[in-house]
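Inspection log for the structure reproduced underneath, given as structure tokens.
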Amino acid sequence: MGTLFLMAAVGSVVISAAIIWSLFSRGWDFISQASWGDVLTADTWNPRQNMYGLRPLIVATLVVSGVAMIVAVPLGLGAAIYLAEFARPRIRSFLKPILEVLAGVPSVVIAFFALGWIAPHIVGTLFGEEHGRGGSMLAAGIGVGILAIPLVASVSEDAMRAVPNSLREASSGLGARKMHTTLRVVLPAAVSGLVAAFILAVSRAIGETMVVFIAAGAASVGQYSANPLDSGLTMTAAMASLASGTDSVRGATLAYASLFMVGIFLFFLTLGLNIIGNFFVRRVRQAY
Amino acid sequence: MALTTIAANRGAVQGSVAQAIEGRRRDLRGRLFELALAACLIVSLAVLVLMIYDVLGDGLSVYTERGWDFLNGGLSQSADRAGIAQGIIGSFWIATSVLVVSIPLGIGAAVYLEEYAPRNRLTSFIEINVRNLAGVPSVVYGLLGLAIFVEALGGFSGKHDASRSTLIAAGLTLAVLVLPIVIITTAEAIRAVPNALREGAYGVGATRWEVIRSQVLPYAMPGIVTGGLLAIARAVGEAAPLILIGALTGLAGRSPGLSFSSLLDPSSLTERFTAMPIVITSWSRLPQPDFRIHNTAAAIIAMLAFVLLVNTFAILLRNRFEKKRAA
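Top to bottom, those sequences are chains L and D. Mapped onto our numbering, the consecutive letters of the first sequence carry residue numbers 439 to 726. Mapped onto our numbering, the consecutive letters of the second sequence carry residue numbers 19 to 345.
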């Protein structure tokens, strides 16, 4: 029986190996054949015209993730502090599950909301109607931010709840008010967890596909732009549009291999962030 | 001398004492701080309500006008005939493959990690590996599915090119994607089982497997069920990997005869497929407002109803048992 269970556990390692094998066995064609000077410096990503500039994809990814963090970090952190420090148990036991339900909303739904509601009503109202008619990196970024709120909230709430009550009591005993205790004692003590929440949320935002594919406004060609009001093609959206619909590419073409090359990039970027994030999560557990 | 000093400072002393006593009521900044935090939470939750309201506003008319016809209809070029039956069938089989593949495998792995594994390097490597797998972007799982389940395994079936993108490839890809979720939630549930239960069972002579089967798993069952439900909901809502492995877009209805009656016909497993999130994605990219807004929203209502119901049930189940045990 134990061996059977061991095989199941080893299965997870096999999956990791399979991911890496898939990425490199297909992506190698691109790595060995592409002209890397163009890949690293060109300002256009358009695989059907043999233009493989990575810069527009990376910049669009950074812009969308940046917007997402501006939305998710204050809201998620504020919600977490409220739940961990201020909410009465009954209110908490009612509101927290709703936040967890928000975490389960599929990203296509948020994508539809970002394109159909956020773009006209938020982007359009703030920056002029002409920017709200279609998708933009700003609309997609806000959508990705909404997706990341529950993640930020739950990781940082866990971190704050791990802070021992004796610290809060000592602070109150010295005469500090609740706000002071929270800002000067609890948050510094939970800082590892807050860093973890931020890093894991960045990783989630970089890896999010559907919201940017539908609501960032670019069809399949990425042009260099760092303006959030422009349309943009992120790394994930580039992969989705390359693989989707009537113009999907299969077989031994360079375009097909480029799909996996972007995948390699994305995989190691998010893996690095997740390893750092999980390191900080573990530090919270060890400290208390 | 000292008395006069106190007398001179009386005003100041009185002020600070009064402030200390009434401080709680006068702590305006503290109140504002708490309000701002509560506002963060309320805004986060209001987004959820607004989103549901928006989707219902766009999509309910399709159900009032067409009702059952929309759920039972096949994919079509015309907006007033298009339905989501094929999407529902695809998502049903995806949920089934998660149930059949990920849940047993995930429980097995979690039982090994928590009950059997010695504290050595291999174990901690597997644990770190599972945690990292949970953070791999879903689109990368799509590449895995494309390279292995579509190309490598599809090659054995003698089919080639697009027709290898079968429902079973989709099911396996998503089963692999949610496996870490099942392992992590099950491992947490098993870790919460009190050691006294294990010791009691060992004390009366049970073997390790008997302890697991008769004590550990039953006690951890609510947590395991929660994990399984969350995994199914996640798989049903996931679109990116399916796009990568080449799902049929919601327009080209190759087999328009597919309807609910064929839901349980396993031969569809080796056919090309579509699924609810794919139908939603491809409709939302069409130019006609009837498709882009109304039909898309109506399809979202169907999927969201399922996903939110399963998730809510899973979370309530877990909270209920946590509370019961804490008491």
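Glycine is no exception: its CB is placed at the ideal position from the N, C-alpha and C atoms. Treat the numbers as computed from the prediction; the structure is a model and nothing was measured.
- Annotation for T482 (chain L): no alpha helix (DSSP H) segment contains it, though the beta strand (DSSP E) segment containing it runs T482 to N484.
- Counting along the chain, G153 (chain D) sits inside the alpha helix (DSSP H) bounded by residues R139 to G153.
- CA-CA distance, L161 (chain D) to L93 (chain D), rounds to 26 Å.
- For a Cβ distance threshold of 7 Å, residue set D72 of chain D lies close to W555 (chain L), ordered along the chain.
- Sequence-distant partners of G124 (chain D) (beyond 5 residues in either direction) whose C-beta falls short of 7 Å from its own C-beta, in its chain, are L197, V200, I201 and T204.
- Among the residues of the stretch 288 to 300 of chain D, those with a Cβ less than 7 Å away from any Cβ of chain L are P295, I298 and T299, in the order of the chain.
- Across the set L:A681, L:I702, L:L711 and L:L564, the C-alpha of L:I702 shows the shortest separation from the C-alpha of S463 (chain L).
- In the three-state reduction of the DSSP assignment, Y237 (chain D) falls in the helix class.
- Listed along chain D, the residues sitting closer than 7 Å to R615 (chain L) by beta-carbon distance are D45 and G48.
- The secondary-structure analysis by DSSP pairs T184 (chain D) across a beta bridge with D:R290.
- DSSP places Q661 (chain L) in the strand class (E or B) of the three-state scheme.
- The alpha carbon of L709 (chain L) has as its nearest neighbour, out of D:F331, D:Y237 and D:L151, the alpha carbon of D:L151.
- Under DSSP, M489 (chain L) forms a beta bridge with L:N484.
- Pairing A193 (chain D) with V119 (chain D) gives a Cβ-Cβ distance under 8 Å.
- Beta-bridge partners of G670 (chain L) (DSSP): L:G655.
- For the 8 Å CB-CB criterion, I587 (chain L) and L513 (chain L) form a contact.
- Taking a beta-carbon distance threshold of 8 Å, R464 (chain L) counts as an interface residue toward chain D.
- Counted as a single uninterrupted DSSP element, the stretch harbouring P602 (chain L) is not any alpha helix (DSSP H), since DSSP gives it neither H nor E.
- Less than 8 Å divides the Cβ of V547 (chain L) from the Cβ of I318 (chain D).
- For the 8 Å CB-CB criterion, S594 (chain L) and A654 (chain L) do not form a contact.
- What Y520 (chain L) touches in chain D, judged by beta-carbon distance under 8 Å, is E52, L55, A56, C58 and L59, going in chain order.
- For R149 (chain D), the C-beta contacts it makes with chain L under 7 Å involve N716, in order along the chain.
- Annotation: M439 (chain L) is outside any alpha helix (DSSP H) and is labelled neither H nor E by DSSP.
- Counting only residues of its own chain and dropping the five nearest sequence neighbours on each side, I496 (chain L) has a CB closer than 8 Å to the CB of M673.
- Using a CB distance below 7 Å, the part of the stretch 640 to 655 of chain L facing chain D consists of S641, G645, T647, M648 and I652, ordered along the chain.
- The continuous alpha helix (DSSP H) containing G126 (chain D) extends over residues I121 to V129.
- Taking C-beta separations shorter than 6 Å and ignoring five residues to either side along the sequence, the partners of M294 (chain D) in its chain run G105, S109 and M321, following chain order.
- Under the three-state reduction of DSSP output, D45 (chain D) falls in the coil class, being neither helix nor strand.
- Residue contact with chain D for G701 (chain L): present (Cβ-Cβ distance below 8 Å to some residue of chain D).
- For Q471 (chain L) against L692 (chain L), the beta-carbon gap comes to about 6 Å, under 8 Å, which counts as contact.
- Interface criterion met: the Cβ of P512 (chain L) is under 8 Å from a Cβ in chain D.
- Under a criterion of Cβ atoms nearer than 9 Å, the residues of chain L adjacent to M321 (chain D) are, in order, P544, V546 and V547.
- Rounded to whole angstroms, the gap between the alpha carbons of M69 (chain D) and F551 (chain L) is 6 Å.
- Proximity of chain L to N138 (chain D) at the Cβ level (cut-off 7 Å) is not reached, the minimal Cβ distance being about 12 Å.
- Contact annotation: in the stretch 440 to 468 of chain L, residues whose CB is within less than 8 Å of a CB in chain D are G440, L442, F443, L444, M445, A446, A447, V448, G449, S450, V451, I453, S454, A456, I457, W459, S460, L461, S463 and R464.
- For S531 (chain L), the enclosing alpha helix (DSSP H) has its first and last residue at P527 to A541.
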